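Quick note: the sequence shown, position 168, residue 168 per full-length UniProt numbering, numbers continuous.
For every residue, glycine included, the Cβ atom is placed at its ideal position computed from N, Cα and C.
As the structure is a computational prediction, the values presented were derived from the model and not from experiment.
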Amino acid sequence: MHASKELVSVPREMYYIYFRILAYLVTIVLHIGNATWMITKFYGDVMKNPHVKHFYEMQFYFFTCWTFTFQIIHAAVALYSDILTLKNLKHRGYRLPKMVTDCRDLLYTILVWPATVLVVTMFWSFWFYDRNLLYPEDIDLAISSVSNHIMHTSIFFIALWEMMFRPRVPPRSHTWHLLSVMGIGVIYFGTVVGVYVFKGVFVYPIFGHLMGTIYFYLFFAGIATALFFIYHAQWILNDFLWGSSANLDSSAKISDRQNGENFVKKVK
1 MHASKELVSV PREMYYIYFR ILAYLVTIVL HIGNATWMIT KFYGDVMKNP
51 HVKHFYEMQF YFFTCWTFTF QIIHAAVALY SDILTLKNLK HRGYRLPKMV
101 TDCRDLLYTI LVWPATVLVV TMFWSFWFYD RNLLYPEDID LAISSVSNHI
151 MHTSIFFIAL WEMMFRPRVP PRSHTWHLLS VMGIGVIYFG TVVGVYVFKG
201 VFVYPIFGHL MGTIYFYLFF AGIATALFFI YHAQWILNDF LWGSSANLDS
251 SAKISDRQNG ENFVKKVK
């Protein structure tokens, strides 16, 4: 008797796993490679420039660096999750560990999306208004335009790619998530103030102009307001791309928890 194969309908979401894996690999290689490349540029005469020296000394305090670190961590967790799914395709009834899926969702919802959109929006707005408030021109002596775009442009498309190829179900209550997002903002505010107290310098030049005025606090209040709307925007976009919450629940289960046994059934 010859074996025959019967192809059955495959949920499109199951194919998206390969697009996601590609993106995760690119994200990790791109950010780590770019960070390594930039570090090699901070040597020699260029370090005599005060702006370049400041950039080098403050690199771990820039929110942009925090953001691409968030993306690397999320990509690593998500890559592990998707590889685990593919590895267990033949295990009927297999479900990913809840801790893995929850961690993956929270990393994106609370860290990656809000931080990414905030960085892209703030950076390019100031760039066209007066780049010296955030990113002085002299930094170009060490950081190329390619590296700049990797840090401040590509991060948006990385975040958007995840949105396009992985449906997510909105939480029943956004309170805890919003508090977590705001908590990250508070931590960064504390970091900015702490750097000033202990090092006597501000992470970004704009803070030096605002410090001592009500605008310093209004600036961070504005960021908190922006984060509120940015957080909710992800669910509006998610709903636009994937449909209603009811349909999302079904799609997300297929994407993350279904074991993939419906790809191909072999009938002998």
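Contact between P136 and P205 is confirmed by a C-beta separation of about 7 Å, below the 8 Å threshold. Taken in chain order, the unbroken stretches of alpha helix (DSSP H) that lie wholly in the segment 76-158 and span 4 residues or more are 98-106, 113-130, 145-152.
For the 7 Å CB-CB criterion, L79 and Y24 form a contact. Rounded to whole angstroms, the separation of the alpha carbons of I187 and M164 is 30 Å. M211 sits in coil when the DSSP states are folded into three classes, being neither helix nor strand. Between V117 and I230, the C-beta gap is smaller than 7 Å, which places the two residues in contact. Where K199 is concerned, the enclosing alpha helix (DSSP H) starts and stops at 175-199.
For Y18, the closest C-alpha among the options T36, I32, L84, E57 is that of L84. Look at T27 here: in three-state DSSP terms it is helix. Annotated three-state conformation of G44 is helix, per DSSP. T225 counts as exposed, since fewer than 16 other beta carbons sit within 10 angstroms of its beta carbon.
Of the residues H51, K48, I150, the one whose Cα lies closest to the Cα of H31 is I150. The beta carbon of D105 lies closer than 7 Å to those of R168 in the same chain, with the five residues before and after it left out. Straight across, the Cα-Cα distance linking Y129 with F189 is about 23 Å. For W176, the number of other beta carbons within 10 angstroms of its own is below 16, and it is reported as exposed.
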